[in-house]
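*Asks:*
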Amino acid sequence: MHAVRHGGPLSREEDRVCHGERQEAGGVPEYQGEPDEISIQKCQEAARQVQGPVLVEDTCLCFNALGGLPGPYIKWFLEKLKPEGLHQLLAGFEDKSAYALCTFALSTGDPSEPVRLFRGRTSGRIVVPRGCRDFGWDPCFQPDGYEQTYAEMPKAEKNTISHRFRALLELQKYFGSLSPPVAGDSRPGGGSGES
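Numbering-wise, the sequence shown is residues 1 to 195 according to the numbering used here.
#1: Bridge partners for V128 per DSSP, in chain order?
#2: Report the rounded CA-to-CA distance for A167 versus V56, giving the unit in angstroms.
#3: Of all the options Q172, P70, G52, which has the alpha carbon lying nearest to the alpha carbon of G209?
#4: For P72, count the other beta carbons within 10 Å of its own beta carbon; 16 or more makes it buried, fewer makes it exposed. Which is it?
#5: Could you please give me the residues that DSSP links to A98 through a beta bridge?
#6: First and last residue of the alpha helix (DSSP H) that includes F175?
#7: Output needed for F118: all residues of its chain with C-beta closer than 6 Å, excluding positions within five of it in sequence on either side, in chain order.
#8: Cutting at 7 Å between CB atoms, please list the residues of its own chain near W137, excluding the five before and the five after it.
#9: If you drop the 5 nearest sequence neighbours on each side, which residues of the same chain put their C-beta closer than 7 Å to that of D58?
#10: Can you tell me which of the three DSSP states V115 falls into?
#11: I need the straight-line Cα distance from T160 to D134, nearest angstrom please.
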């Protein structure tokens with residue numbers, strides 16, 4: 001399983017689930033569809049490739065005036081338009097509200113078991129880009145209740161309110177709800193008594 005943690009090493013609960021050999025799925029296609037569908041498809045394909053448990057992440061930036069676009073296609077919008085162009089997309093709209101969505105999808109590796117989704121969402125506005133240009137669309141996203149864009153915030157502050165942090169909290173709650181694995185059972189949650 002390829003395991004990640006925003007800002008630090010895996011906790012004991014996460015390590016309990018994320019044990020064994022780590023490998024990354026290579027060449028997982030970029031799917032099209034709604035965010036949940038895309039996360040599930042990516043996770044299923046990665047699990048198929050590594051023949052085991054996987055955790056995949058997908059991030060969206062959704063503009064309310066555009067019905068949720070660019071959404072899961074933000075990577076391509078950003079490559080072509082840069083943060084300035086993302087802001088300019090909303091030039092003809094009064095509504096500059098948006099939300100950042102992070103989804104972690106977890107598969108046990110068993111194709112008969114459902115993929116579990118863990119979502120985090122941060123609402124905000126699309127603004128004229130400000131701040132450091134080293135991390136995607138951060139310069140043009142200003143979270144609600146803040147005067148700074150993600151790019152202007154100290155990393156420690158951003159990491160306590162970000163969509164990714166919120167999704168990781170949901171994932172951590174799930175990991176914390178699992179029982180320790182039973183000897184010989186390599187499935188996540190293997191010791192939970194579920195059959």
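For every residue, glycine included, the Cβ atom is placed at its ideal position computed from N, Cα and C.
*Replies:* Walking through what the data contain:
#1: Partner(s): none; V128 has no beta bridge.
#2: Cα atoms of A167 and V56: separation of roughly 12 Å, rounded to the nearest angstrom.
#3: Residue 209 cannot be examined here, being either before or after the span of the chain that is shown, 1 to 195.
#4: Counting every other CB atom within 10 Å of its CB across the protein chains shown gives P72 a total of 16 or more, marking it as buried.
#5: Answer is F63, G124.
#6: For F175, the enclosing alpha helix (DSSP H) stretches over residues 163-177.
#7: Closer than 6 Å at the Cβ level, and outside the excluded window around F118, lie F104, A167, E170, L171.
#8: Contacts found: L61, I74, L78, P83, L86.
#9: P35, I38, S39, K42, P72, T103.
#10: Look at V115 here: in three-state DSSP terms it is coil, with no helix or strand label.
#11: Taking the straight line joining both Cα atoms gives about 19 Å.
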